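Protein chains: 2
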Amino acid sequence: MHILDMQWDKTMLNQVKKTIERFNMLKNGDRVLVAVSGGADSVVLLHVLMEIKDKYSLDIAVVHLNHSMRGEESDRDFVFVKNLAERIGVRFIGKKINVPEIKSEHGGSPQEVARRVRYRFFEDVAREYNADKIATGHTLDDQAETVIMRFIKGTSLRGMSGIPFVRGKFIRPLLNIKREDIESYAKANNIKFVEDSSNISTKYFRNKVRLELLPLLKKYNPKIKEEIARLAESASRDEYYLEKEAEKEYKTAIAGSTIPLSDIKVVFNLEKIKSLHTALTTRIFLKAIEHLKQDLSGIYSYHVEDIIDLIEGSAPQGEINLPMGITVYKEYEKLVFARERIPVPKSFETVLNIPGVTSIDKLKVQIKTSILTVSKSGEFLYDDNNIAYFDYDKLVFPVMARSFRAGDRFTPFGMKGSKKVKDLFIEKKVPFYLRRSTPIIASGDDLIWVAGIRRGDKARVEEGTKKVLKIEIIRTS
Amino acid sequence: MHILDMQWDKTMLNQVKKTIERFNMLKNGDRVLVAVSGGADSVVLLHVLMEIKDKYSLDIAVVHLNHSMRGEESDRDFVFVKNLAERIGVRFIGKKINVPEIKSEHGGSPQEVARRVRYRFFEDVAREYNADKIATGHTLDDQAETVIMRFIKGTSLRGMSGIPFVRGKFIRPLLNIKREDIESYAKANNIKFVEDSSNISTKYFRNKVRLELLPLLKKYNPKIKEEIARLAESASRDEYYLEKEAEKEYKTAIAGSTIPLSDIKVVFNLEKIKSLHTALTTRIFLKAIEHLKQDLSGIYSYHVEDIIDLIEGSAPQGEINLPMGITVYKEYEKLVFARERIPVPKSFETVLNIPGVTSIDKLKVQIKTSILTVSKSGEFLYDDNNIAYFDYDKLVFPVMARSFRAGDRFTPFGMKGSKKVKDLFIEKKVPFYLRRSTPIIASGDDLIWVAGIRRGDKARVEEGTKKVLKIEIIRTS
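Top to bottom, those sequences are chains A and B. Counting with our numbering, you get residues 1 to 477 for the letters of the first sequence. Counting with our numbering, you get residues 1001 to 1477 for the letters of the second sequence.
Right under this line is the structure:
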């Protein structure tokens, strides 16, 4: 390494340290999960965090999700990251899922599905391992690309805010660093990483932006990436403030109505809504929709414009239909957001055929079980949200599948003590009408799996396990 | 005209009417100046306003500024618009200036200088003719281009808000209409317009955006222009709300200080500033700078970031220098924005040499006068902010040049009654330190010209004028 490289190298490291301090990303003694894909960004992130590990007394683990989206290359990356973690002596937590096979509840491109599944996995692991932070390797380039993509597709201030430096447990220490600087840092410090072949195809929109549009924009302004990152930062400040103000007014606008908040209706005092500035009401409307559907996909700014038109119209009554079964209507002094009431399935309880297939027709679900013999350990490391493995010999038979009952409790995997299943649903944002459609697997008095959502701690596969029961949920609709 | 054309034609007209109503652009009986360049957009705007003239009982006049930036083509456009106005029977108010020769006080490209001069001219004419509104032909394409240009150069929420539908007297009834729809409308209704050759060169950044970048972006999203216009609209709502909140807090943050607001210092209560969200303080800082300099050119978002860093730093004192001679310093419980005190020139008074040149050395100004003979009327229609023409025979001699005195009053051109010169300075946002550098031309007891800013009504050149006194201000530094 040349002296010049070291000088330079220090510059980037110092910039990252400054970002960490500025956004209070780390506290002394934090347990940090580092999300490592194997690419330059996340490998350098791991390297940087190892550099400052002692300063903050960090407890670092590496987490990796194999999306099976690039065949053998995906498996190669998995092994690369696992070996890297072993070499530097930190714990590795990996999982393999098959994104191309996952049918998303909300639709979306494979990239979007992969993203959703990945974040869910990171959060689950963080909960399981009691991690304080989850660090991801997003760079200033990711920031600029994200904002440009949203700008092109159509967005509002929220979208212009881009990727946050900190959101919940997630921290992005490299978000102020350009990718080229990260690559130079890797080179100067002899850090190895893998190349992601999907990055150099123009198959995906992000890659088009990266390889086709950004170089053109750079001709207009060489500092384009930095300027967009700055815009994102000021936009996120503005959005945060407006969100907080809207939050306050949301509560008073509901309080002004005589009808309480329910899971199928949000009723506002129309006069109160009319007295507020549209900068706040537009955000209040999104809150109401989020309350009803836990999700804003399919809702665009022109829907919000429609609601404004409805309010400002002179007729005392009126109604508009939004996607996802949301209806907004005004009725004299009230403005109502409602969603259709989805029939809740009747409760069910059935003994699982082991081995074999059990159909639960009213849920359009099949539960397939099989008995496997353990040949080597670690075999059941990879799994899927719809598959779970249990130590056959620790189960109490018959194993049952049944619907959720008020008061259900279980011990989640990796935890001691018990937790309400209802709280798990709330944490996972499972809508009310889907809770009764979720099969719960019981073994004796214990709930061993809230299928597709979280497995229990009972009957873990561990050193010494001889026979394994594999349970798989297959949705047939 | 085909029936199909007429159908279609009505659609655009209805869209414009909707925009006019939605933004309350017109009141019954409004006097409207229509800014017509001669291009399709502004000519169609004039046509549309003539269509709804009777509905609103509008009094319409056409205003045109010849920037002399495209040689003969500029003069051709002038004549085209003048003839158009005559043909449809509305008053025409035209002026020719030489933008390439104007040295802008703040610098900037010829386009920026032209824009500044043009708006100032429109405002002056509106004041002179007591117009209620000034309509400009900005389209949805202008909106998208403006926002994209700012996005590329670096901006904040304020910049993303784009061109406002309404700002003061200015209204933009076509801001929701695409240029292609305007051109089709012109074709369907057989409306003639002139082509601006600068539009089809890629000489200027806006044209590059229009001809090179937008077509590429359209491949990513065919509705890109509409989406950007929507972003601008929601951004302007958010910005308006944040501005209002910042305005309130600006006042309380100053009130919290024991030192009164002055023209060279804005003193904030630091604790109060620290208690506010950065979404507001960033805007408060810009207000302070605007108070001191009447202008934010040269101030970028990284300057605002520097001020935030200054405040958040742990040292009780500190100072940073911004462009335009602004210093920001914190001093224990105070945060101070200050500009250097510019020495005010001593007062002066001198008789003008007629004809001849009079030098006022301390101002670095020469005043050149000449006596002209009138051959045909309308000759003195074109003028320049630094040149004024007077009826020689109506003047009282000697004609004097002197500095501003508290209490000075005059009768502005086209008005009856008198007005304080001080109020004119305030209206025109002439900073305190420049007021004493402005030569005021007096003839007997009357002030006939606040040079470079506004001429008086006395000694107008009119029908019957034989001899004209031309006075020209030449800045020599």
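Beta carbons: idealized from backbone N, C-alpha and C, even for Gly. These numbers come from a predicted model, not from an experiment.
Do we get a CB-CB distance below 7 Å when we pair residue 1221(B) with the residues of chain A?
Yes, because at least one Cβ of chain A sits closer than 7 Å to the Cβ of residue 1221(B).
Between 1390(B), 1339(B) and 1430(B), which lies nearest to residue 1458(B) when the distance is taken from Cα to Cα?
Selected option, being the one with the closest Cα: 1390(B).
So if DSSP puts residue 408(A) in a beta bridge, which residue, or which two residues, is it bridged to?
Partner(s): none; residue 408(A) has no beta bridge.
Let me check understanding here. Comparing Cα to Cα, which of 372(A), 328(A), 275(A) and 250(A) lies closest to residue 393(A)?
The residue with the shortest Cα to Cα distance from residue 393(A) is 372(A).
Return no unless some Cβ of chain B is closer than 7 Å to the Cβ of residue 303(A).
Output row for residue 303(A): interface = no.
Please state whether the Cβ-Cβ distance between residue 1253(B) and residue 1268(B) is less than 7 Å.
Going by C-beta atoms, residue 1253(B) is nearer than 7 Å to residue 1268(B).
The alpha helix (DSSP H) that contains residue 159(A), what's its start and end?
Taken as a continuous stretch (DSSP letters only), the alpha helix (DSSP H) holding residue 159(A) covers 157-160.
Which ranges would you report for the beta strand (DSSP E) in the stretch 430-469 of chain A if only whole runs of at least 3 residues count?
Qualifying beta strand (DSSP E) stretches, in chain order: 440-443 and 446-450.
Buried or exposed: where does residue 468(A) fall if 16 or more other Cβ atoms within 10 Å of its Cβ makes it buried?
Buried, because 16 or more other Cβ atoms sit within 10 Å of the Cβ of residue 468(A).
I need the DSSP call for residue 374(A), collapsed to helix, strand or coil.
Of the three classes helix, strand and coil, the one that applies to residue 374(A) here is coil, per DSSP.
Please identify, using Cβ separations under 8 Å, the residues of the stretch 1148-1167 of chain B that lie next to chain A, in order along the chain.
Of all residues in the stretch 1148-1167 of chain B, 1151, 1152, 1153, 1154, 1155, 1156, 1157 and 1160 have a Cβ within less than 8 Å of some Cβ in chain A.
May I have the straight-line CA-CA distance separating residue 1381(B) from residue 1095(B), to the nearest angstrom?
Residue placement at residue 1381(B) is flagged as unreliable, the pLDDT there being 48, under the threshold of 50; the coordinate-derived value follows with that caveat. Cα-Cα distance, rounded: 7 Å.
Report the rounded CA-to-CA distance for residue 225(A) versus residue 159(A), giving the unit in angstroms.
Spanning the two alpha carbons is a distance of roughly 16 Å.
Starting from the beta carbon of residue 1109(B), find every residue of chain A whose beta carbon is closer than 8 Å, and list them in chain order.
Here the premise fails: no neighbours, minimum Cβ distance about 14 Å.
Considering only C-alpha positions, which residue in the set 1097(B), 1436(B), 1033(B) and 1417(B) is nearest to residue 1425(B)?
Nearest C-alpha to residue 1425(B): 1436(B).
For my contact list, residue 396(A) and residue 444(A) are in at a C-beta cut-off of 8 Å; report their separation, rounded to the angstrom.
That pair is a contact at about 3 Å.
Would you check if the distance between the CB atom of residue 1358(B) and the CB atom of residue 1471(B) is smaller than 7 Å?
No, Cβ-Cβ distance for residue 1358(B) and residue 1471(B) is not below 7 Å.
Okay, do the stretch 132-144 of chain A and the stretch 25-40 of chain A touch, 3+ Cβ pairs below 8 Å being the bar?
Output reads yes: the stretch 25-40 of chain A touches the stretch 132-144 of chain A.
So what's residue 1291(B) in DSSP terms, helix, strand or just coil?
In this structure, residue 1291(B) counts as helix in the three-state DSSP scheme.
Please tell me whether residue 67(A) has its Cβ less than 7 Å away from any Cβ of chain B.
Answer no: the Cβ-Cβ gap between residue 67(A) and chain B never drops below 7 Å.
Count the other CB atoms within 10 Å of the CB of residue 325(A); is the residue buried (16 or more) or exposed (fewer)?
Residue 325(A) should be labelled exposed.
Kindly confirm or deny that the stretch 1144-1161 of chain B and the stretch 1182-1197 of chain B touch, where touching means at least three C-beta pairs closer than 8 Å.
No contact exists between the stretch 1144-1161 of chain B and the stretch 1182-1197 of chain B.
Beta-carbon separation of residue 388(A) and residue 460(A) under 7 Å?
Their beta carbons are not under 7 Å apart, which means residue 388(A) does not touch residue 460(A) by this criterion.
Applying a beta-carbon distance threshold of less than 9 Å, which residues of chain A neighbour residue 1237(B)?
277, 278, 279 and 282, listed in chain order.
Residues in the same chain with beta-carbon distance under 6 Å from residue 1321(B), minus the five sequence neighbours each way, listed in chain order, please.
Excluding sequence neighbours, residue 1321(B) sits near 1327.
For a contact defined as C-beta to C-beta under 8 Å, what are the partners of residue 240(A) on chain B?
Those within 8 Å of residue 240(A) in chain B are 1277 and 1279.
Cβ of residue 85(A) within 7 Å of Cβ of residue 62(A)?
A contact, by the Cβ cut-off of 7 Å.
Just checking: is the beta-carbon of residue 1234(B) within a distance shorter than 7 Å of some beta-carbon in chain A?
Yes, its Cβ sits closer than 7 Å to a Cβ of chain A.
For the beta strand (DSSP E) that contains residue 195(A), what are its first and last residues?
Taken as a continuous stretch (DSSP letters only), residue 195(A) belongs to no beta strand (DSSP E), as it is neither H nor E.
Could you pull out every unbroken beta strand (DSSP E) segment of at least 3 residues lying fully inside the stretch 321-370 of chain A, listed in chain order?
As far as the stretch 321-370 of chain A is concerned, its whole beta strand (DSSP E) runs of at least 3 residues are 326-331, 334-339, 349-351 and 356-360.
Would you give the residue range spanned by the beta strand (DSSP E) that residue 1036(B) belongs to?
Looking at the DSSP string, residue 1036(B) is not in any beta strand (DSSP E), and its letter there is neither H nor E.
With a 10 Å radius around its C-beta and 16 neighbouring C-beta atoms as the bar for buried, classify residue 20(A) as buried or exposed.
That one is buried.
Taking 8 Å as the threshold, find out whether the stretch 240-252 of chain A comes into contact with the stretch 1206-1214 of chain B through three or more Cβ pairs.
No, the stretch 240-252 of chain A does not touch the stretch 1206-1214 of chain B.
Just the chain B side, please: which residues come within less than 9 Å of residue 227(A) by C-beta, in chain order?
The contacting residues are 1151, 1152, 1153, 1154, 1155 and 1301.
Confirm, please, whether the CB-CB distance from residue 1403(B) to residue 1347(B) is below 7 Å.
A contact, by the Cβ cut-off of 7 Å.
Throw me the rounded Cβ distance for the residue 1056(B) and residue 1083(B) pair, which I believe falls under 8 Å.
Their Cβ separation, rounded to whole angstroms, is 26 Å, which puts residue 1056(B) and residue 1083(B) out of contact at 8 Å.
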